[in-house]
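For reference, the structure discussed in these notes is given below.
Numbering (my numbering), first residue to last: 29 to 128.
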């Protein structure tokens, strides 16, 4: 399993809107992967993290290809880009061991 982790700097006052966009934006593509949205509790302020779980890199590539071609994708992204600052980080992690 892999985790696609994306960290975005959010414009001041836009956190709730960004969370809503991330929570619903992936619904335009069938078979949305398991996901979670994280907001800062302690640490750097005004950042949001989106984590998506995929079985493997092929599933990751297939879903993101479908997302890029989905009707409504550009409208979702226009709303999203208006709420975040330039920059950010994307990490892809391989799950070495599941505990618990």
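The C-beta atom is built at its ideal place from N, Cα and C for all residues, glycine as well. For clarity, every value in this text was computed on a predicted model and none was experimentally measured.
Beta-carbon to beta-carbon, residue 111 and residue 49 are separated by about 7 Å, close enough to satisfy the 8 Å threshold. Distance from the CA atom of residue 30 to the CA atom of residue 120, rounded to whole angstroms, is 7 Å. When secondary structure is reduced to three states using DSSP, residue 107 falls in the helix class. For the pair residue 62 and residue 82, the Cα-to-Cα distance works out to about 8 Å. Short of 6 Å from the beta carbon of residue 45, and not among the five residues preceding or following it, lie these beta carbons of its own chain, in chain order: 111. Cβ-Cβ separation between residue 87 and residue 57: approximately 12 Å, too far for a contact (criterion under 8 Å). Distance from the CA of residue 38 to the CA of residue 64, rounded to the nearest whole angstrom, comes to 17 Å. For residue 32, the enclosing beta strand (DSSP E) covers residues 30-37.
In the structure shown, residue 85 adopts helical secondary structure according to DSSP, grouped into three states.
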